[in-house]
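Per my numbering, the sequence shown runs over residues 22 to 324.
Glycine is no exception: its CB is placed at the ideal position from the N, C-alpha and C atoms.
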Amino acid sequence: MSTVGLIGLGAMGSGMAQSLRRAGHSVQVFDVRREVAQAFVAEGGVAHDTLASLGAACDVVVSVVVNAAQTESVLFGDGTTPDGMSGCAASMKPGSVFVMCSTVDPNWSVALEARLEAMGLRYIDAPISGGAAKAASGQMTMMTAGKPDAYALAEPFLNAMAAKVYKLGDSAGAGSKVKIINQLLAGVHIAAAAEAMALGLREGVDAAALYEVITNSAGNSWMFENRMAHVLAADYTPLSAVDIFVKDLGIVLDVARASKFPLPLSSTAHQMFMQASTAGFAKEDDSAVIKIFPGIELPKGKA
22 MSTVGLIGLG
32 AMGSGMAQSL
42 RRAGHSVQVF
52 DVRREVAQAF
62 VAEGGVAHDT
72 LASLGAACDV
82 VVSVVVNAAQ
92 TESVLFGDGT
102 TPDGMSGCAA
112 SMKPGSVFVM
122 CSTVDPNWSV
132 ALEARLEAMG
142 LRYIDAPISG
152 GAAKAASGQM
162 TMMTAGKPDA
172 YALAEPFLNA
182 MAAKVYKLGD
192 SAGAGSKVKI
202 INQLLAGVHI
212 AAAAEAMALG
222 LREGVDAAAL
232 YEVITNSAGN
242 SWMFENRMAH
252 VLAADYTPLS
262 AVDIFVKDLG
272 IVLDVARASK
282 FPLPLSSTAH
292 QMFMQASTAG
302 FAKEDDSAVI
312 KIFPGIELPK
322 GKA
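And the structure:
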């Protein structure tokens with residue numbers, strides 16, 4: 022029976038680990054925050070003190086970290102150990118699978134697949150979407166690409182974590198391309214939702230009434246309904262932070278720039294998130310992009 026390990030017990034990763042356990046798998050985890058890993062153990066799981074230990078123990082390793090740089094560190098270490106290989110890749114058994122769930126440049130993902138194959142490891146490019154609630158319920162979406170032998174080993178775990186596992190190609194890159202297009206829409210929709218709510222506030226419209234009408238009208242979007250609820254509640258606890266969209270829309274623009282493809286709406290949304298970030302809202306929920314608009318009084322939530 023194959024064993025699974027998961028690295029990164031953040032908003033998405035913790036829910037994914039719970040879904041794996043709920044499906045009957047024995048889940049092994051690593052998180053730099055030892056107390057978070059130990060909390061998972063208390064509910065029934067195995068925590069590793071090192072990435073190398075987790076890599077050696079598992080046939081499939083699922084990485085749920087923020088970006089490409091963190092993924093590199095998870096795999097190959099940060100260069101502080103004598104052999105420069107304090108990550109999990111060096112200890113993973115030949116033929117085992119690394120599942121990469123971050124939003125990254127597709128070209129980087131293609132290069133990573135080749136690097137891991139040279140080490141005798143399999144790879145699945147598997148960005149995720151759906152938010153923390155869907156991750157916790159096993160209802161999120163995975164946009165994947167990889168070789169058949171990698172799927173053969175990892176598929177039971179993918180199906181335990183996600184309601185929809187899309188297979189988009191037999192080599193890395195396709196999953197990441199679809200994910201960045203999803204992020205293009207998500208980022209633009211959040212920025213547009215914030216702009217619409219800000220205009221309503223500026224014009225003196227009751228925020229709760231505006232929310233009720235829009236969410237029952239043709240102008241609604243999933244992002245308006247979800248993120249403007251955070252604004253109404255004055256709750257900017259970061260389920261997905263402003264800086265995530267600084268990063269993700271930056272990747273979208275980098276990919277498009279390489280082929281000289283114009284993205285006027287993405288460019289504007291990216292500038293809005295960067296403005297919010299530099300204004301001090303970098304770590305707040307991405308709905309805090311509404312705070313860049315002048316001359317409005319935001320809802321204060323319930324006392």
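Sorted by chain position, which residues of the same chain lie with C-beta nearer than 7 angstroms to residue i's C-beta, five sequence neighbours on each side aside?
{"i": "I317", "result": "A219, L222, R223"}
{"i": "G105", "result": "Model confidence at G105 stands at a pLDDT of 45, short of 50, so the residue's coordinates are unreliable; what they give is reported in the following sentence. So the qualifying residues of the chain are G98."}
When you compare each of the options to residue i by their alpha carbons, which one comes out closest?
{"i": "A44", "options": "S288, S261, V25, A279", "result": "V25"}
{"i": "G66", "options": "L30, A230, F314", "result": "L30"}
{"i": "D275", "options": "G34, S112, K198", "result": "K198"}
{"i": "A325", "options": "S158, T289, F314, I28", "result": "The question about residue 325 has no answer, for the chain in this structure spans 22 to 324."}
{"i": "K304", "options": "S287, G141, P320, L260", "result": "L260"}
{"i": "S94", "options": "G151, V57, I28", "result": "I28"}
{"i": "H69", "options": "V48, A89, S287", "result": "V48"}
{"i": "L137", "options": "A153, K168, G151, A213", "result": "K168"}
{"i": "D52", "options": "G108, H46, M182", "result": "G108"}
{"i": "Q331", "options": "A184, V57, W129, E56", "result": "One cannot answer for residue 331 here, as it falls past the ends of the chain, which runs 22 to 324."}
{"i": "A166", "options": "A32, A139, V131, S158", "result": "V131"}
{"i": "D306", "options": "R54, V81, I211, G225", "result": "I211"}
{"i": "A154", "options": "A32, P320, V273, D227", "result": "A32"}
{"i": "T289", "options": "A239, T258, G208", "result": "G208"}
{"i": "Y257", "options": "P320, W243, E233", "result": "P320"}
Could you check where the beta strand (DSSP E) with residue i kicks off and where it finishes?
{"i": "K185", "result": "183-188"}
{"i": "V81", "result": "81-84"}
{"i": "F51", "result": "48-51"}
{"i": "P236", "result": "According to the sequence displayed, residue 236 carries Thr and not Pro. Taken as a continuous stretch (DSSP letters only), T236 belongs to no beta strand (DSSP E), as it is neither H nor E."}
{"i": "M164", "result": "161-167"}
{"i": "M121", "result": "118-121"}
Tell me which residues share the same chain as residue i and place their Cβ nearer than 6 angstroms to its Cβ, disregarding the 5 neighbours each side in the sequence.
{"i": "A215", "result": "V310, I311"}
{"i": "K200", "result": "T124, P148, M164"}
{"i": "L231", "result": "G221"}
{"i": "S308", "result": "R248, H251, V252"}
First and last residue of the alpha helix (DSSP H) that includes residue i?
{"i": "A147", "result": "No alpha helix (DSSP H) contains A147, which DSSP labels as neither H nor E."}
{"i": "V131", "result": "127-139"}
My assumption, with CB atoms under 8 angstroms, is that residue i sits in contact with residue j. Please give the rounded CB distance.
{"i": "G34", "j": "P127", "result": "Actually they do not touch by this definition, with Cβ atoms about 22 angstroms apart."}
{"i": "G151", "j": "T162", "result": "5 angstroms"}
{"i": "G196", "j": "A254", "result": "The pair is not a contact, with the Cβ atoms about 34 angstroms apart (cut-off 8 angstroms)."}
Taking 8 angstroms as the limit between beta carbons, can you name the residues of its chain near residue i, skipping five residues before and five after?
{"i": "C79", "result": "T24, V25, G26, Q49, M113, S117"}
{"i": "A277", "result": "P283, L284, S287"}
Checklist entry - Counting pairs of beta carbons, one from the segment 82-89 and one from the segment 23-41, are three or more of them closer than 8 angstroms? => result yes
Checklist entry - Should the segment 137-152 be called in touch with the segment 185-196, which here means at least 3 C-beta pairs below 8 angstroms? => result yes
Next on the checklist: For the structure I just gave you, are there three or more beta carbon pairs, one from the segment 264-273 and one from the segment 288-297, closer than 8 angstroms?
Outcome noted: yes
Checklist entry - Counting pairs of beta carbons, one from the segment 51-63 and one from the segment 112-127, are three or more of them closer than 8 angstroms? => result no
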